[in-house]
Every structure is written in structure tokens, then in C-alpha cells.
Amino acid sequence: MKFLHTMVRVADIDKSLKFYQEVLGLKLSRTMELKDATLYFLADEKGTCEIELTHNHTMPEEGYQHGNYFGHFAFETHDMNKFTEILKKHRLEYAREPFMVTPKGPKIAFVKDPDGRSIELIEKKVEKYY
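Mapped onto this note's numbering, the consecutive letters of the sequence shown carry residue numbers 8 to 137.
Have a look at this one:
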């Protein structure tokens, strides 16, 4: 069994594509046009996992609801300081500022995507923590 992707619905595909590509560094690997939606697949730098951003051609009047079942996506960054500069460039802020989980690491932080989903950033050091 191989994990392929996670799908999330997005309200504004342009904002979402910009965030996932320019802020998180994912690459658009392919798109798929369906009768009622367009699917955008974005892959990590190694192409090992993808996020599918689904942009439905019509959206519920009340928008998409988040419920309490979803926690967050987690991405590794090699340098939290460089990531902070990317956020500043895009005029974005942390939802939770970078902090060390333990004295030896890792350093983590949280941001929100354009639809309000939590994104955890993890700056791993030499020591493995899971």
C-alpha cells in the first residue's frame, strides 16, 4: 500500500495555488478537469506525496465548513528563518510563532492556508523525534 494524496476543497483556487506553491514550495504536478470541479495536484520536492486542491465549479451558499475532525497538515522546512522570510515576502504571519518542542528540537510553527486550515512547519535537526 502506498499513500498517494490528501484532497481538500478550496474556495479561491488562485489564492490557494499561490500559497501552496510560493509559500510552501509545492509543485503543480497535474490538473484534471471534471464535470463539476477542477482538481489540482501539488507534490512535495521529492514527488512522494501530493495534496489535491479541489475547486468545485459551484460552492455551497454557506461555503465549506471545517468541522472538528481535521487537525493540520505538516511540512518539513530545512530552515525556519528562511521560511519566515518567505512569509514576510507574502505579507503573511504565523498563527503560532516558531518554538522548540524540546531543548534539542525540533522547532515548529503554525500558519494558516487561505481557507483557514492549520499548517505545521517542522524544522528537523539531527536528532529524530518520531
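All C-beta atoms, glycine included, are put in the ideal place defined by N, C-alpha and C.
| Query | Result |
| --- | --- |
| Sequence-distant residues of the same chain with beta carbon closer than 8 Å to His64, five excluded per side | Asp43, Ala44, Thr45 |
| Per DSSP, cross-strand counterpart(s) of Val118 | Ile126 |
| According to DSSP, residues forming a beta bridge with Thr55 | For Thr55, which the question treats as bridged, DSSP gives no partner whatsoever. |
| Contacts around His12, its chain only, beta-carbon distance under 8 Å, and the 5 residues preceding and following it disregarded | Phe48, Cys56, Glu57, Ile58, Glu59 |
| Continuous beta strand (DSSP E) assignments of at least 3 residues falling wholly in the stretch 36-95 | 44-50, 57-63, 80-84 |
| Residue from Glu68, Phe26, Thr61, Pro105 whose Cα sits closest to the Cα of Met39 | Thr61 |
| Beta-carbon proximity of Pro121 to Phe26, cut-off 8 Å | yes |
| DSSP state of Lys22 mapped onto helix, strand, coil | helix |
| DSSP-derived helix/strand/coil call for Val15 | strand |
| Proximity to Val15 [Cα-Cα], best of His97, His73, Glu83, Pro67 | His73 |
| Whole-angstrom distance between Thr84 and Lys96, CA atom to CA atom | 17 Å |
| As assigned by DSSP and simplified to three states, the class of Glu29 | helix |
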